[in-house]
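Using the numbering used here, the first residue of the sequence shown is number -8, and each one after it goes up by one. All C-beta atoms, glycine included, are put in the ideal place defined by N, C-alpha and C.
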Amino acid sequence: MKIIKVKDYEQLSNTAAKFIIERVKNKPNIVLGLATGGTPEGTYKNVIQDHQQNGTSYEQVVTFNLDEYIGLPGSDKNSYRYYMNEHLFNHINVKKENTHIPNGEASNVKQECEDYEGRIQQIGGIDLQILGIGENGHIGFNEPGTSFNSRTHVIGLTEETRQANARYFPSIEHVPAHAITMGIGTIMEAKEIILLASGEKKREAMKKLINGEVTEDFPASILQKHQNVTIIADEASLSDVQLSGDGKLDH
Ligand code: F6R
-8 MKIIKVKDYE QLSNTAAKFI IERVKNKPNI VLGLATGGTP EGTYKNVIQD
42 HQQNGTSYEQ VVTFNLDEYI GLPGSDKNSY RYYMNEHLFN HINVKKENTH
92 IPNGEASNVK QECEDYEGRI QQIGGIDLQI LGIGENGHIG FNEPGTSFNS
142 RTHVIGLTEE TRQANARYFP SIEHVPAHAI TMGIGTIMEA KEIILLASGE
192 KKREAMKKLI NGEVTEDFPA SILQKHQNVT IIADEASLSD VQLSGDGKLD
242 H
């Protein structure tokens, strides 16, 4: 793993956006894996700004989001489809038909999971996957205990995750109890991964991610086994992590 330690959220957003933009310029038809949540919002803002100012094109880019709540239509402002349209897709020249998010309203969710996985395989896999991290170590919505071999599947959200996401809903009862998420096996097949983390709340998670053992009890720990992972994280989130000079780790 390579670690880029930045000062604060603003620098995190800048650095991550530059990283993505560079990859898009190098491969205009890149397949991006995208995350939602609070952490990448600033990154997406910078991507939009660059698109508007410098014209970086997303015309051939294909995207696959990590996850979606079950039961929310894309028109619901808490759905991840709505989030992505608002925070990114509506403001860059990506073709909407090239943006993929699991359908949380599918009548046959199991089939939807298989189809989603199939679409990712069919296009040749994800070139660059962007990840956030849950305080409990989840990546996508793969909660602790999820198999490292899992593919796109339905997951019951933990109380902790529902609490963490309740800030976007009128109350915790409104937070869906289930979601569709790419599996850990799916995520690990991405050719390159960047994981973004910001703030004190992620301190413990970052320590376990970087210095902890690889265990299904802490899903993100599997990233230690991936060949091409860059962590971009701010000082607050890394304050419990010992880093040697260049920020490169052996695993
Ligand atoms: C979002 C996702 C989640 C979040 C994680 C952190 O698509 O898959 O794993 O990345 O819950 O969320 P924030 O950034 O809100 O702290």
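Between the segment 39 to 53 and the segment 72 to 89 there are three or more C-beta pairs closer than 8 Å, enough to call the two in contact. Around the CB of asparagine 140, fewer than 16 other CB atoms lie within 10 Å, so the residue is classed as exposed.
Distances from the CA of glycine 147 to each of Glu134, Lys199 and Val(-3) were compared; the closest alpha carbon is that of Glu134. Comparing C-alpha distances from isoleucine 117 to each of Gly125, Gly123 and Glu108 shows the shortest one belongs to Glu108.
Lysine 193 is classed as buried because its beta carbon has at least 16 other beta carbons within 10 Å across all chains shown.
By the CB criterion at 8 Å, isoleucine 111 and valine 145 fall outside the cutoff.
About 5 Å separates the beta carbons of aspartate 225 and valine -3, which is inside the 8 Å limit, making them a contact pair.
In the three-state scheme derived from DSSP, where H, G and I count as helix and E and B as strand, aspartate 118 is classed as coil.
As summarised for the segment 17 to 75, the continuous beta strand (DSSP E) elements at least 3 residues long and confined to that stretch are 22 to 25, 53 to 56 and 58 to 60, given in chain order. When distances are taken from the beta-carbon of phenylalanine 132 to the heavy atoms of ligand 1, the shortest one is below 7 Å.
Non-local C-beta neighbours of methionine 173 in its own chain, meaning closer than 6 Å and more than five positions away in sequence, comprise Leu57, Gly131 and Thr143, ordered along the chain.
When DSSP states are grouped into helix, strand and coil, alanine 8 belongs to the helix group.
Taking C-beta separations shorter than 7 Å and ignoring five residues to either side along the sequence, the partners of isoleucine 124 in its chain run Ile130, Leu186, Ala188, Lys193, Ala196, Leu200 and Ala211, following chain order. Nearest Cα to phenylalanine 80 within the set Leu25, Pro93, Asp67 and Leu122: Leu25.
With contacts defined by Cβ atoms closer than 8 Å, serine 138 and glutamate 88 do not form a contacting pair.
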